[in-house]
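Protein chains in written order, with the working numbering: chain F, 379 to 492; chain W, 445 to 557. Heads up, the beta-carbon is just placed ideally off N, CA and C, and yes, glycines get one too.
Encoded structure:
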């Protein structure tokens with residue numbers, strides 16, 4: 379069966395510090411991968427999605443970036459965090475192909491910027 | 445751009461009462477998905493509707509897709525405390541090659557025991 383791992387679960391970072399969040403998927407090949415951000419009590423904002431290694435589409439201009447160095451690894455990064463980057467970051471995967479397949483989410487990372 | 449609106453934003457019910465959340469799109473959707481997010485948790489896929497007028501049931505949950513494929517609803521019969529959480533709809537637009545899920549902002553359900 380497929381599993382998705384996301385870490386760390388919680389993170390407290392100072393403003394201006396770098397960020398690296400990692401997500402890995404097991405049990406499937408060439409998945410579509412997604413990074414979302416959820417502000418407290420709000421909906422899901424799609425940040426990045428990827429249909430293959432090295433293929434990243436950005437949805438929202440910001441100081442975040444994403445990379446997919448391996449088929450089942452998706453990394454969210456920032457060189458300098460802003461206060462507005464606080465939130466709940468969720469990684470998700472879906473089977474390859476059209477973007478109409480159910481998405482399966484990791485447990486998320488709660489990021490607080492001080 | 446394409447938008448998906450969900451109403452109500454919040455609802456509190458007494459255990460045993462019914463609950464309905466509605467999802468409305470500004471454009472025709474290819475399909476619609478529903479997810480549940482428990483407090484402190486991550487969204488979990490519930491169901492996908494594809495056909496016009498489709499109705500699917502999962503125990504006490506009934507999902508409908510409108511005839512025009514622009515709206516959908518989730519109805520919970522006789523709510524239980526385990527139903528607490530936020531329910532999201534997400535629709536796949538029809539337009540262009542850049543087809544991605546468009547998420548509603550969710551309906552948060554509280555159930556008083």
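Same chain, Cβ closer than 6 Å to residue i, neighbours up to 5 away in sequence not counted
| i | result |
| --- | --- |
| residue 388 (chain F) | 488 |
| residue 500 (chain W) | 491, 507 |
| residue 552 (chain W) | 454, 530 |
| residue 496 (chain W) | 511, 513 |
| residue 463 (chain F) | 491 |
| residue 415 (chain F) | 423, 425, 465, 467 |
| residue 494 (chain W) | 475 |
| residue 383 (chain F) | 402 |
| residue 498 (chain W) | 509 |
| residue 417 (chain F) | 465 |
Element boundaries [beta strand (DSSP E), containing residue i]
| i | result |
| --- | --- |
| residue 501 (chain W) | 499-502 |
| residue 447 (chain F) | 442-448 |
| residue 407 (chain F) | That residue, residue 407 (chain F), is in no beta strand (DSSP E); it is neither H nor E in DSSP. |
| residue 423 (chain F) | 422-430 |
| residue 380 (chain F) | Unbroken run through residue 380 (chain F): none, as it is neither H nor E. |
| residue 490 (chain F) | 487-491 |
| residue 519 (chain W) | 515-520 |
| residue 534 (chain W) | 529-537 |
| residue 469 (chain W) | 463-469 |
| residue 472 (chain F) | 465-472 |
| residue 494 (chain W) | From DSSP, residue 494 (chain W) is part of no beta strand (DSSP E); its letter is neither H nor E. |
| residue 486 (chain W) | Taken as a continuous stretch (DSSP letters only), residue 486 (chain W) belongs to no beta strand (DSSP E), as it is neither H nor E. |
Residue-level contact to chain F via CB, residue i, 8 Å cutoff
| i | result |
| --- | --- |
| residue 541 (chain W) | Confidence at residue 541 (chain W) is low in this model, with a pLDDT of 48, below 50, so the placement of that residue should be treated as unreliable; the coordinate-derived value is given next. No - not a single Cβ of chain F is within 8 Å of the one on residue 541 (chain W). |
| residue 474 (chain W) | yes |
| residue 550 (chain W) | yes |
CB contact check: residue i to chain W, cutoff 8 Å
| i | result |
| --- | --- |
| residue 420 (chain F) | yes |
Chain-ordered neighbours of residue i on chain W, where CB pairs are closer than 9 Å
| i | result |
| --- | --- |
| residue 481 (chain F) | 477, 479, 487, 489, 534, 545 |
| residue 468 (chain F) | 486, 487 |
Close-in-space but distant-in-sequence residues of the same chain around residue i (CB under 8 Å, 5 per side omitted)
| i | result |
| --- | --- |
| residue 502 (chain W) | 490, 491 |
| residue 451 (chain W) | 465, 466, 468, 551 |
| residue 522 (chain W) | 460, 461, 462, 504 |
| residue 455 (chain F) | 396, 397, 398, 399, 442, 443, 444, 445 |
| residue 556 (chain W) | 456, 457, 458, 459 |
| residue 541 (chain W) | At residue 541 (chain W) the pLDDT is 48, less than 50, meaning the model places this residue with poor confidence; the figure from the coordinates comes in the next sentence. So the list is empty, once near-sequence residues are dropped. |
Chain-ordered neighbours of residue i on chain W, where CB pairs are closer than 8 Å
| i | result |
| --- | --- |
| residue 484 (chain F) | 486 |
| residue 424 (chain F) | 544, 545, 547 |
Neighbouring residues, chain F, relative to residue i (Cβ below 9 Å)
| i | result |
| --- | --- |
| residue 492 (chain W) | 478, 479, 480 |
Nonlocal neighbours in the same chain, by C-beta distance under 7 Å from residue i, ignoring five residues either side
| i | result |
| --- | --- |
| residue 470 (chain W) | 446, 447 |
| residue 536 (chain W) | 473, 474, 475, 543, 545 |
| residue 432 (chain F) | 446 |
Any C-beta of chain C under 8 Å from that of residue i
| i | result |
| --- | --- |
| residue 481 (chain F) | Given the protein chain composition of this structure (F and W), no chain C is represented. |
I want to know whether the region 508-521 of chain W touches the region 391-401 of chain F - three or more CB-CB distances under 8 Å.
No, the region 508-521 of chain W is not in contact with the region 391-401 of chain F.
If contact is defined by three or more beta carbon pairs under 8 Å, each pair taking one atom from either stretch, is the region 477-487 of chain F in contact with the region 438-452 of chain F?
Flag = no, the region 438-452 of chain F and the region 477-487 of chain F do not touch.
With a threshold of 8 Å, are at least 3 pairs of Cβ atoms found where one atom belongs to the region 466-476 of chain F and the other to the region 407-424 of chain F?
Here the region 466-476 of chain F lies against the region 407-424 of chain F, with 3 or more beta-carbon pairs under 8 Å apart.
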